[in-house]
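In my numbering, the protein residues as written are 35 to 299. Backbone N, C-alpha and C define an ideal beta-carbon position, used for all residues, glycine too. Heads up: the structure comes next, in structure tokens.
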Amino acid sequence: MTEEPNVSKSEEKYALRSVSRAVDILQALGEQNSDGMTVAELAESINVSKSTAFTLLQTLLSRGFVADERLGGSRRYRLGLALVHLGDRAAANTGITQLALPMLQQLTQDTGLTSRLAVLDEGYAVAISRVDAPGLFRLAGSLGTRELPHCSGVGKALLALLPPARVLQILKRIGMPRRTEHTITDAADLVRNLVDVAVRGYAFDDEEDNLGVICVAAAVTDRSGDGLAAISVTSMKGGRTIEDMHALGHVVRAYADKISKLLGA
Numbered sequence: 035m036t037e038e039p040n041v042s043k044s045e046e047k048y049a050l051r052s053v054s055r056a057v058d059i060l061q062a063l064g065e066q067n068s069d070g071m072t073v074a075e076l077a078e079s080i081n082v083s084k085s086t087a088f089t090l091l092q093t094l095l096s097r098g099f100v101a102d103e104r105l106g107g108s109r110r111y112r113l114g115l116a117l118v119h120l121g122d123r124a125a126a127n128t129g130i131t132q133l134a135l136p137m138l139q140q141l142t143q144d145t146g147l148t149s150r151l152a153v154l155d156e157g158y159a160v161a162i163s164r165v166d167a168p169g170l171f172r173l174a175g176s177l178g179t180r181e182l183p184h185c186s187g188v189g190k191a192l193l194a195l196l197p198p199a200r201v202l203q204i205l206k207r208i209g210m211p212r213r214t215e216h217t218i219t220d221a222a223d224l225v226r227n228l229v230d231v232a233v234r235g236y237a238f239d240d241e242e243d244n245l246g247v248i249c250v251a252a253a254v255t256d257r258s259g260d261g262l263a264a265i266s267v268t269s270m271k272g273g274r275t276i277e278d279m280h281a282l283g284h285v286v287r288a289y290a291d292k293i294s295k296l297l298g299a
């Protein structure tokens, strides 16, 4: 039998700290735009020396979790493509994703619109699965991107299932920036809107995140009624009336209810 290597307490502590710092780097890069960050910026962001940040970056670079390029006079770092593969595998291994995907495919077939499955992550809405509408034109954002919940259909569908006090905590922490002239930016107004969402069972993003784009969403719940995720369809506003949006809402809610039943609701 092969003996396990003898790892000292100090070595174990150092290894765990290194992993934690590597994760901190990935999170810091994930919150930046496509221009990336310099070693100095990353070191300051995660509160380590530049030499430590550089060493961690070289390890992440060698495994494809970080990419680098020279922009202007400095070398800047961004997230690497290896994370795309891991993200796809994580979504595929999520039970609710496997259950929901056939429903999303049918929903897109019935409506002709892109459908998505999203969850709340620290108060933000994050899409973990998507079925694109036929054609080359794409409306929905990338998987894994954090979306502000106060102006997204999936975000509002999930917030509507939370106690108002919890909603206000989330809004206070992440804010309610104005995305378009239609964005709800007052917390009390949003809470009142969420009451309507809870009653009818579906939420609207009526040009609140992007002008000319609408999203209709409904929550997926477990047997206790807690929100696990939300599904949605996205469309150009065009000539769609409020009646058209309510009709879409009934369709989306019906599919959300089917997924909820599969999960034991």
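Beta-carbon to beta-carbon, residue 233 and residue 187 are separated by about 16 Å, too far to satisfy the 8 Å threshold. In this structure, residue 285 lies near residue 145, with their beta-carbon atoms less than 8 Å apart. Nearest in C-alpha terms to residue 189, of all of 129, 280, 205, is 205.
Residue 56 holds the alpha-carbon nearest to the alpha-carbon of residue 99 among 72, 56, 141. The beta carbon of residue 244 sits closer than 8 Å to the beta carbons of 213, 214 from its chain, once the five residues preceding and following it are set aside; these are given in chain order. Per DSSP, the beta-bridge partners of residue 152 are 161, 264. Using a 10 angstroms sphere on the CB of residue 220, the tally of other CB atoms stays under 16, which defines it as exposed.
In the structure shown, residue 111 falls within a strand segment according to DSSP collapsed to helix, strand and coil. When DSSP reads this structure, residue 237 sits in a beta bridge with 251. Straight through space, the alpha carbons of residue 76 and residue 260 are spaced by roughly 38 Å. The beta carbons of residue 192 and residue 253 sit about 6 Å from each other, so the pair counts as a contact at 8 Å.
By the CB criterion at 8 Å, residue 162 and residue 138 fall outside the cutoff.
For residue 256, the CB contacts under 8 Å within the same chain, skipping 5 residues up- and downstream, are 262, 294, 297, 298, 299 in chain order.
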